[in-house]
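In my numbering, the protein residues as written are 123 to 428.
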């Protein structure tokens with residue numbers, strides 16, 4: 123749940139715009155809270171493994187802070203079948219506050235084990251306008267007649283490409299970074315990673331919304347498979363505000379199939395996606411040689427209860 127008080131305004135200017143910080147009220151700031159969280163994740167893994175092997179865990183924008191992420195990465199390191207963890211975090215390994223995407227890869231090195239943790243910042247601030255303030259019922263803390271910008275330091279833009287399964291790569295984007303045209307987008311399109319994970323704090327991920335449009339662009343050219351994932355908290359705020367909003371937390375788009383919405387039922391707390399790699403031929407040379415690549419497709423979804 124994301125209460126209105128999680129949006130902490132910083133009214134410093136007598137202008138038409140101001141800034142806000144997002145306080146993670148959903149994360150108890152104590153060891154007991156971390157232990158409870160790890161227990162919740164362990165239960166979800168056990169339930170998910172009833173339907174097959176679990177290889178990765180993805181959490182949305184600003185789901186965790188660094189303390190929670192580090193504890194979760196250490197905990198998951200003991201799960202040998204897990205290949206990677208991705209989560210949005212509000213701080214990095216140096217304790218600096220902001221909006222980050224943190225990635226942990228678990229792999230086998232020459233000694234039989236190994237891991238890698240990488241953190242990079244979000245590139246663009248979230249802009250809350252009057253429509254969104256009213257939509258998410260935030261008028262009690264944010265003046266709807268103002269424009270509100272997310273408050274964090276924007277550092278040098280960077281993008282990371284991770285290799286997995288020897289023949290595939292993935293990268294991560296954070297919310298507005300999916301839609302904005304900047305040098306990192308150009309680099310992403312020139313590399314064409316097999317999967318793009320876009321972490322959001324947004325409303326439902328519907329076919330007619332902006333995230334589906336930009337996911338389709340990347341799926342068409344350069345041919346990436348794209349998963350957008352948002353938190354359920356803001357969707358629930360819309361539903362509590364009297365809106366008929368579906369619990370569509372994610373959508374998937376690949377190079378061959380239509381956009382697939384991933385919707386939870388009331389009481390669900392997560393979804394398990396079954397992905398399959400397919401080898402495709404991209405091009406042929408004049409002398410008959412071919413270039414092959416891997417395309418990841420969504421084969422099924424089942425939901426998890428709390």
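For every residue, glycine included, the Cβ atom is placed at its ideal position computed from N, Cα and C. Quantities reported herein were computed from a predicted structural model and do not represent experimental measurements.
* Could you check if residue 375 is buried or exposed, using at least 16 other CB atoms within 10 Å of its CB as the buried criterion? => Buried: at least 16 other Cβ atoms inside 10 Å.
* Given a cut-off of 9 Å, decide if residue 226 and residue 213 are closer than it, judged by their beta-carbon atoms. => no
* For residue 371, does the count of other Cβ atoms within 10 angstroms reach 16, so buried, or fall short, so exposed? -> buried
* Asked: By DSSP, does residue 415 sit in helix, in strand, or in coil?
  -> strand
* Which residues in the same chain as residue 331 place their Cβ atom closer than 7 Å to its Cβ, once the five residues preceding and following it in sequence are excluded? -> none
* To do: Whole angstroms is fine: what's the gap from residue 424's alpha carbon to residue 207's?
  => 19 Å
* heavy atom of the ligand GTP below 8 Å from residue 387 C-beta -> Absence of the ligand GTP is noted for the structure shown, with no ligands found whatsoever.
* To the nearest whole angstrom, what separates the beta carbons of residue 291 and residue 223, a pair I think is in contact under 8 Å? -> Beta-carbon to beta-carbon, residue 291 and residue 223 are separated by about 16 Å, too far to satisfy the 8 Å threshold.
* Under the DSSP definition of a beta bridge, which residues are partnered with residue 249? -> 271
* Hey, how far is the Cα of residue 138 from the Cα of residue 355? -> 27 Å
* Asked: What three-state label does DSSP hand residue 139 in the structure shown?
  -> strand
* **Opposing strand residues paired with residue 348 [DSSP bridges]** => 318, 375
* Buried or exposed: which applies to residue 452, given that a residue is buried once 16 or more other Cβ atoms fall within 10 Å of its Cβ? -> The question about residue 452 has no answer here: the residues shown for the chain are numbered 123 through 428.
* Pick from 218, 415, 335, 318 that is closest to residue 347, judged by C-alpha positions -> Closest by alpha carbon: 318.
* Is there contact between the stretch 124-131 and the stretch 154-170, where contact requires at least three CB pairs shorter than 8 Å? -> With the cut-off at 8 Å, the stretch 124-131 and the stretch 154-170 do not touch.
* From 191, 254, 285, pick the residue whose C-alpha is nearest to that of residue 365; which is it? -> The candidate whose alpha carbon is nearest that of residue 365 is 254.
* Going by Cα to Cα distance, which pick from 199, 194, 310, 204 is closest to residue 210? -> Per the Cα distances, 194.
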